[in-house]
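Heads up: the protein sequence lines correspond to chains A and B, in order. Anchor point for the first sequence: position 377 equals 377 in this note's numbering, and the numbering is continuous, going up by one each time. Take any residue in the second sequence, count from 1 to its spot, add 384: that is its number in this note's numbering. Remarks on the structure that follows.
Number of protein chains: 2
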Amino acid sequence: MTSTEHVPASLSEVPTAAGRVLDDFFARTVPVATAIAPVVGDAAGLVADFVRTGGKRVRPTFAYAGWLCGLSSPHRRPTVPDQSPADALRVCAALELVQACALIHDDIIDHSDTRRGRPTVHRAIERHHRREGWSGDAADHGIAGAVLCGDLALAWADDLVHGHTPAGADPAAPTPTTPPSPLPAEVGAVWAAMRTEVLGGQFLDIVNEVSGDETVESAYRVMEFKTAAYTVARPLELGARMAGAPDTLIAELRSVGHDLGIAFQLRDDLLGVFGDPERTGKPSGDDLVEGKRTALIALGLQRATDRDPTLATALRGLLGRALDDDEVARARALLTDVGAVDEIEHRITGLHASAVATLTAAQIGAGIRADLIAMADRITHRES
Amino acid sequence: MTSTEHVPASLSEVPTAAGRVLDDFFARTVPVATAIAPVVGDAAGLVADFVRTGGKRVRPTFAYAGWLCGLSSPHRRPTVPDQSPADALRVCAALELVQACALIHDDIIDHSDTRRGRPTVHRAIERHHRREGWSGDAADHGIAGAVLCGDLALAWADDLVHGHTPAGADPAAPTPTTPPSPLPAEVGAVWAAMRTEVLGGQFLDIVNEVSGDETVESAYRVMEFKTAAYTVARPLELGARMAGAPDTLIAELRSVGHDLGIAFQLRDDLLGVFGDPERTGKPSGDDLVEGKRTALIALGLQRATDRDPTLATALRGLLGRALDDDEVARARALLTDVGAVDEIEHRITGLHASAVATLTAAQIGAGIRADLIAMADRITHRES
Numbered sequence: 001m002t003s004t005e006h007v008p009a010s011l012s013e014v015p016t017a018a019g020r021v022l023d024d025f026f027a028r029t030v031p032v033a034t035a036i037a038p039v040v041g042d043a044a045g046l047v048a049d050f051v052r053t054g055g056k057r058v059r060p061t062f063a064y065a066g067w068l069c070g071l072s073s074p075h076r077r078p079t080v081p082d083q084s085p086a087d088a089l090r091v092c093a094a095l096e097l098v099q100a101c102a103l104i105h106d107d108i109i110d111h112s113d114t115r116r117g118r119p120t121v122h123r124a125i126e127r128h129h130r131r132e133g134w135s136g137d138a139a140d141h142g143i144a145g146a147v148l149c150g151d152l153a154l155a156w157a158d159d160l161v162h163g164h165t166p167a168g169a170d171p172a173a174p175t176p177t178t179p180p181s182p183l184p185a186e187v188g189a190v191w192a193a194m195r196t197e198v199l200g201g202q203f204l205d206i207v208n209e210v211s212g213d214e215t216v217e218s219a220y221r222v223m224e225f226k227t228a229a230y231t232v233a234r235p236l237e238l239g240a241r242m243a244g245a246p247d248t249l250i251a252e253l254r255s256v257g258h259d260l261g262i263a264f265q266l267r268d269d270l271l272g273v274f275g276d277p278e279r280t281g282k283p284s285g286d287d288l289v290e291g292k293r294t295a296l297i298a299l300g301l302q303r304a305t306d307r308d309p310t311l312a313t314a315l316r317g318l319l320g321r322a323l324d325d326d327e328v329a330r331a332r333a334l335l336t337d338v339g340a341v342d343e344i345e346h347r348i349t350g351l352h353a354s355a356v357a358t359l360t361a362a363q364i365g366a367g368i369r370a371d372l373i374a375m376a377d378r379i380t381h382r383e384s
Numbered sequence: 385m386t387s388t389e390h391v392p393a394s395l396s397e398v399p400t401a402a403g404r405v406l407d408d409f410f411a412r413t414v415p416v417a418t419a420i421a422p423v424v425g426d427a428a429g430l431v432a433d434f435v436r437t438g439g440k441r442v443r444p445t446f447a448y449a450g451w452l453c454g455l456s457s458p459h460r461r462p463t464v465p466d467q468s469p470a471d472a473l474r475v476c477a478a479l480e481l482v483q484a485c486a487l488i489h490d491d492i493i494d495h496s497d498t499r500r501g502r503p504t505v506h507r508a509i510e511r512h513h514r515r516e517g518w519s520g521d522a523a524d525h526g527i528a529g530a531v532l533c534g535d536l537a538l539a540w541a542d543d544l545v546h547g548h549t550p551a552g553a554d555p556a557a558p559t560p561t562t563p564p565s566p567l568p569a570e571v572g573a574v575w576a577a578m579r580t581e582v583l584g585g586q587f588l589d590i591v592n593e594v595s596g597d598e599t600v601e602s603a604y605r606v607m608e609f610k611t612a613a614y615t616v617a618r619p620l621e622l623g624a625r626m627a628g629a630p631d632t633l634i635a636e637l638r639s640v641g642h643d644l645g646i647a648f649q650l651r652d653d654l655l656g657v658f659g660d661p662e663r664t665g666k667p668s669g670d671d672l673v674e675g676k677r678t679a680l681i682a683l684g685l686q687r688a689t690d691r692d693p694t695l696a697t698a699l700r701g702l703l704g705r706a707l708d709d710d711e712v713a714r715a716r717a718l719l720t721d722v723g724a725v726d727e728i729e730h731r732i733t734g735l736h737a738s739a740v741a742t743l744t745a746a747q748i749g750a751g752i753r754a755d756l757i758a759m760a761d762r763i764t765h766r767e768s
């Protein structure tokens with residue numbers, strides 16, 4: 001095993017290790033794109049940079065946690081074919097490419113200008129069009145290019161998860177010293193479900209938005225698929241199945257994944273309204289301005305309607321438009337006064353407790369149990 | 385093997401057999417989407433319908449031709465793991481899902497309203513938005529929905545090529561009686577290259593269009609990746625590698641694929657200007673109106689410039705705008721008079737002859753040789 005295949009011993013090493021797998025993958029694949037044409041290489045480079053400057057590697061970390069849980073299970077079954085730690089890490093890293101597609105395409109759908117303080121991919125391509133003085137509509141060209149960049153990320157996700165390198169890649173590029181094992185069918189089934197679920201969750205989200213569906217149930221349904229399954233439950237399951245975890249452990253991890261995934265999103269909803277822009281990197285009251293139908297806002301509208309319909313009208317008037325500081329403060333006060341904030345905090349506490357209880361009872365190693373409980377604490381109490 | 389796994393004995397049976405594989409796949413996957421929410425099931429159904437009403441199954445047919453070539457080779461090597469005819473057919477069928485993504489996203493990029501006489505996916509979703517009286521911009525919602533539908537098709541392509549069924553699929557849905565074999569690494573490498581190439585070719589195409597690149601070389605480069613590799617050469621190689629074809633045969637099939645792929649596209653270019661709308665299903669002079677930078681038009685502009693720059697200006701004035709019948713006739717006469725049409729016909733003839741010569745010399749069975757030569761005749765002489 002070469003140094004590029006260093007396998008993380010603890011969860012804190014996963015982001016760096018997954019980043020290394022992705023770098024090696026890009027070293028093999030970007031030149032294939034460049035060989036088509038230099039501008040295609042630039043587009044592939046945009047995708048690679050997007051992934052490299054990516055966030056906290058939450059999904060790879062949960063997937064690797066699932067792997068360590070499975071490995072530590074006393075009832076582990078053999079997988080066919082057997083999967084190495086390098087195989088597990090590769091699958092974890094591939095999740096970041098699915099996420100790159102989801103974000104690049106989401107930014108088109110949401111008309112977002114920036115992501116993580118940088119221009120979104122469609123805006124970057126649009127700028128390039130302007131700088132070059134090309135013909136036609138620059139914004140249109142940006143969208144077209146970003147649709148294709150997102151597609152490339154999704155195709156690459158599948159290449160990486162299966163350990164496939166495009167024919168024609170530079171033979172001198174870094175490759176694993178041991179050939180990757182094919183994915184066991186039960187892992188492929190989870191990978192398949194996860195991608196259909198996140199796309200389905202996103203589709204449901206855009207339909208709920210235009211159909212004016214403000215119910216708390218709908219907000220939860222989107223969370224269930226767009227976040228909980230995709231960000232926590234399926235990654236945990238993916239890793240656990242790579243390690244041949246028994247069905248009872250899979251069920252426990254899916255339950256933990258559901259609890260933490262919903263708690264993660266509910267915390268996000270609170271930060272989207274109450275978060276400190278200095279910490280979140282997003283404008284103050286961002287979700288209000290964007291008019292997002294989060295569970296917090298859905299609950300706020302429901303509670304306001306129950307108490308006094310004029311309150312609901314007032315809150316609705318503070319959604320989906322630019323707001324000054326006073327207006328953000330008013331919306332915050334409304335959501336707090338009707339009890340929506342307390343209830344969301346209460347739910348987060350309940351979900352956190354449920355996840356910790358499941359983790360405490362599960363037959364997994366003490367180290368990974370402690371690491372997962374620490375992650376549960378972090379994602380439910382985070383401020384950014 | 386159940387009746388749903390009938391394996392084609394000749395190329396003419398491939399479209400129906402591949403269609404059956406796709407139907408079984410949709411029977412397993414669409415319910416997974418419906419379980420997320422009925423509207424998600426509707427979106428998945430749109431993708432399934434798009435594929436079901438799809439064209440001539442050119443790519444599956446070429447891939448299956450590659451498989452039959454490989455099977456008939458006296459120097460066939462074993463693949464690891466061994467691939468069954470059902471595995472080969474599954475890989476062939478998966479190509480239609482890649483194509484569905486390419487077309488759904490291409491139609492967004494090209495602002496196309498119809499495809500095969502039906503509304504494009506983004507227009508269908510836009511109409512649904514209007515019919516339901518939803519809020520926000522209907523066209524925008526159509527694009528958002530179609531981006532996600534294309535993504536789903538691409539994700540499904542990978543699920544199908546690997547024979548993975550999403551976890552949670554109805555256990556009563558039709559499944560293969562023999563579990564699918566994992567793809568050999570060398571097949572995965574071709575699959576990986578093919579997807580990067582088609583996306584790269586599309587990216588190059590949109591850049592050439594806005595950068596005003598009118599050279600014949602650029603038109604050929606786009607053809608090489610967007611059509612020849614993707615439509616013929618890689619599918620042939622994919623099938624041949626599934627059957628363990630030797631390297632010499634792979635090289636011959638790639639050469640045949642290049643020749644026929646370019647000839648196919650050049651014929652398409654001629655039909656795009658001279659085709660009979662009754663037969664092609666496209667408006668008269670469609671490529672002129674669309675302002676496409678095809679090899680025919682690039683060559684016409686180059687020849688016109690060489691002969692008399694005012695001719696080139698006249699031709700350029702007939703590109704990228706609505707044209708009446710007289711104008712279409714004038715553009716046709718111009719392209720013919722400068723010799724562009726003759727040269728493209730000449731190139732098609734040469735490519736066809738080269739492909740037939742390679743097929744004649746290749747060590748493959750007499751049946752598949754005759755079938756491939758018949759296909760070569762058909763695609764280079766077709767009128768629709």
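Where is the CB? At the ideal position from N, CA and C, for every residue including glycine. All values reported here derive from a predicted model rather than from experimental measurement.
Contact with chain B by residue i, beta-carbon distance below 8 angstroms
i                     : result
residue 87 (chain A)  : no
residue 134 (chain A) : yes
residue 283 (chain A) : no
residue 97 (chain A)  : no
residue 37 (chain A)  : yes
Inter-residue spacing [alpha-carbon to alpha-carbon] between residue i and residue j
i                     : j                     : result
residue 64 (chain A)  : residue 250 (chain A) : 14 angstroms
residue 211 (chain A) : residue 292 (chain A) : 13 angstroms
residue 94 (chain A)  : residue 235 (chain A) : 11 angstroms
residue 711 (chain B) : residue 702 (chain B) : 7 angstroms
residue 546 (chain B) : residue 624 (chain B) : 17 angstroms
residue 386 (chain B) : residue 196 (chain A) : Its pLDDT being 42, under 50, residue 386 (chain B) is placed unreliably by the model, and the measurement read from it follows with that caveat. For residue 386 (chain B) and residue 196 (chain A), the distance between alpha carbons rounds to 27 angstroms.
residue 269 (chain A) : residue 254 (chain A) : 22 angstroms
residue 277 (chain A) : residue 295 (chain A) : 21 angstroms
residue 207 (chain A) : residue 488 (chain B) : 19 angstroms
residue 376 (chain A) : residue 362 (chain A) : 15 angstroms
residue 284 (chain A) : residue 209 (chain A) : 21 angstroms
residue 453 (chain B) : residue 559 (chain B) : 28 angstroms
Within-8 angstroms CB hit, residue i to chain A
i                     : result
residue 476 (chain B) : no
residue 587 (chain B) : yes
residue 539 (chain B) : yes
residue 639 (chain B) : no
residue 390 (chain B) : no
residue 622 (chain B) : no
residue 563 (chain B) : yes
residue 584 (chain B) : yes
residue 595 (chain B) : yes
residue 529 (chain B) : yes
residue 424 (chain B) : yes
Neighbour-count burial assignment, residue i, 16 or more Cβ in a 10 Å radius
i                     : result
residue 12 (chain A)  : exposed
residue 550 (chain B) : buried
residue 651 (chain B) : buried
residue 563 (chain B) : exposed
Contact check, residue i vs residue j, beta carbons under 8 angstroms
i                     : j                     : result
residue 204 (chain A) : residue 421 (chain B) : yes
residue 152 (chain A) : residue 685 (chain B) : no
residue 401 (chain B) : residue 390 (chain B) : yes
residue 147 (chain A) : residue 96 (chain A)  : no
residue 39 (chain A)  : residue 169 (chain A) : no
residue 233 (chain A) : residue 261 (chain A) : yes
residue 231 (chain A) : residue 58 (chain A)  : yes
residue 649 (chain B) : residue 565 (chain B) : no
residue 526 (chain B) : residue 509 (chain B) : yes
- Item | Segments of 3+ residues assigned as beta strand (DSSP E) that fall wholly inside the stretch 686-751 of chain B | none
- Task: Just list the alpha helix (DSSP H) runs in the stretch 452-533 of chain B, keeping only unbroken ones of 4 residues or longer that don't cross its boundaries, in chain order.
- Result: 469-493, 505-516
- Query: Counting only runs that start and end within the stretch 537-618 of chain B, where is the alpha helix (DSSP H) found for 4 or more residues in a row?
  - Reply: 569-595, 600-606
- Can you list the alpha helix (DSSP H) stretches of 4 or more residues lying completely in the stretch 232-264 of chain A, in chain order? 234-242
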